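With the UniProt record's numbering applied, the sequence shown covers 1 to 293.
Quick reminder that beta carbons are idealized off the backbone N, C-alpha and C, glycines included.
From a predicted model like this one, the values you see are computed outputs, not experimental measurements.
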Amino acid sequence: MTVTAEHSTASVHGLIDLYDVKPDGPDRFVGQTSITPGEERQVVEGAQVLGQAIVAAAKRFPDKSIRSVHGVFARAVLAGPPVEFAIDVVSEGRSTATAVVTATQNAKRCMTFTVLADVPTADVIRHHVPHPRVAPPADANLFDLPMAGRELRVVDVVDVNNPDEVGPPEMYAWAHYEPIPARDDLAKALVADFTGYLGIATTMRAHAGIGTAQAHLTISTAPMTLTVSFHEPVSWTGWLVYSHESTQSGAGMSYVRGTVHTEDGELLASFSQESIIRPLRTSDSAIASAARL
């Protein structure tokens, strides 16, 4: 199945439509695929498939709220063919439910997502990490990742791909989405959208001469896992700030953790990402960069 105008990430509207997977039998759903405009590689962002898994699980457990999802990106999902989501329910009780969602494309298993859902209750205690003290969106630098309805700005970094922009292994980015979905599952999928973009760039920022501009050319990079935990309630207006901190890099892997706050300081979500950062093998040069993970 080819990508149509109704299923495109050219706009936030289109992205939300992509997230809204459709039933395809008992415990099965199907979703369409697309790539970000301007992206040369015909590979779907893992966070996009993760968002679809969130919606699939939410539809399977309609009386519960999705609290966390842990994705493992074993094989690339390509733009164009649809993705099938099979839900294996591990446990389903009155308060919580757990399921493993498998994303398959062209009869090949590509990604798995372990999802926790629950019924939120009244607080016994409550606290959260405070909003980062960073420059506001108006003073941040525009991040050129075009999508109608989405504006991205990065604090203190002009070009996230530039190997000559060196600083601590942390990065802060503002994101503004229009529209913001009223449905809880779609809102959570949209919050997760930007959690996977800057992890590798954050790690490389601490190392002079190394940047994501070299990815798939002289350095092999790929996000391998993404975990997002949602903190109730997930609702906002205005801007979101995504904080990224790389706590470790070595042995060919990197680890990044982060948070998502509203402008008013509410913590909506926490996330983490594991990625490979390795020398490009000589054999890899025979594979077109557009076809690499």
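Thinking Glu274 and Thr225 are a contact (beta carbons under 8 angstroms), I'd like their distance in whole angstroms, please. 4 angstroms
Just curious, the alpha helix (DSSP H) that Gly14 is in, first and last residue? Val12 to Tyr19
What are the boundary residues of the alpha helix (DSSP H) that includes Asp184? Asp184 to Ala192
Write down the C-beta distance between Pro168 and Ala206 rounded to the nearest angstrom, noting that I regard them as a contact closer than 8 angstroms. 6 angstroms
Gly93, buried or exposed, once every other Cβ within 10 Å from all chains shown has been counted against 16: exposed
State whether the segment 83-91 contacts the segment 116-128, with contact taken as three or more CB pairs (one from each stretch) at a distance under 8 angstroms. no
Please name the residue in Asn106, Cys110 and Lys22 whose C-alpha comes closest to that of Glu45. Cys110
In whole angstroms, what separates the C-alpha of Val134 from that of Ile200? 21 angstroms
Leu152 and Ala122 closer than 7 angstroms at C-beta: no
Are the beta-carbon atoms of Val21 and Ala58 separated by less than 7 angstroms? no
Taking the Cβ atom as the reference point for each residue, do Ala269 and Val228 lie within a distance shorter than 7 angstroms? yes
Using 8 angstroms for Cβ pairs, my map puts Gly149 next to His13. What's the rounded Cβ distance? 7 angstroms
Let's test the definition: count the other Cβ atoms within 10 Å of the Cβ of Glu84 and tell me whether it reaches 16, buried, or not, exposed. buried
Buried/exposed call for Thr9, threshold 16 Cβ in 10 Å: buried
What three-state label does DSSP hand Arg67 in the structure shown? strand
Simplified DSSP assignment, three categories, for Gly250: strand
The beta strand (DSSP E) spanning Ala97 covers which residue range? Thr96 to Gln105
Buried versus exposed call for Asp164 [16 or more other C-beta atoms within 10 Å across all chains shown]: exposed
Three-state class that DSSP yields for Gln52 in the structure shown: helix
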